[in-house]
Amino acid sequence: MSRRGFTLIELLIVVVIIGLLAAIAIPKFSNTKEKAYVAAMKSDLRNLATAEEAFFYDSSKYTTSFALMGNFLSSAGVVLVINEA
4 MSRRGFTLIE
14 LLIVVVIIGL
24 LAAIAIPKFS
34 NTKEKAYVAA
44 MKSDLRNLAT
54 AEEAFFYDSS
64 KYTTSFALMG
74 NFLSSAGVVL
84 VINEA
């Protein structure tokens, strides 16, 4: 009767390989999330600039409140603040 299965050394090698792959993959995913946030922020700033220019075209002044711009909404998780110059 022969025993079939994995030895302790084989299992340890597999665990080490999985650990190395996880150590490489986790920072890559973290960096991707940050890049997505920055891209959403840049997009919101471009949209805000367009909305501000449309408001200026209509009223000959820039707004100090998002509520005055009508339907402008920022992306989820992105906070925009209007500061007076």
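Everything in the sequence shown is counted per the working numbering, starting at 4 for the first residue and increasing by one.
The C-beta atom is built at its ideal place from N, Cα and C for all residues, glycine as well.
Can you tell which of 43, 14, 51, 81 has its C-alpha closest to the C-alpha of residue 70? Taking the first residue of the sequence shown as position 1, residue 70 is located at position 67. Closest by alpha carbon: 51.
Could you please give the first and the last residue of the uninterrupted alpha helix (DSSP H) stretch that includes residue 51? Translated into the one-based positions of the sequence shown, residue 51 becomes position 48. That run of the alpha helix (DSSP H) goes 11-62.
DSSP three-state label for residue 1, please. A query on residue 1 cannot be resolved here, the shown segment of the chain reaching from 4 to 88 and no further.
Spell out whether any CB of chain B is found under 9 Å from the CB atom of residue 22. No chain B appears in this structure, which consists of one protein chain only.
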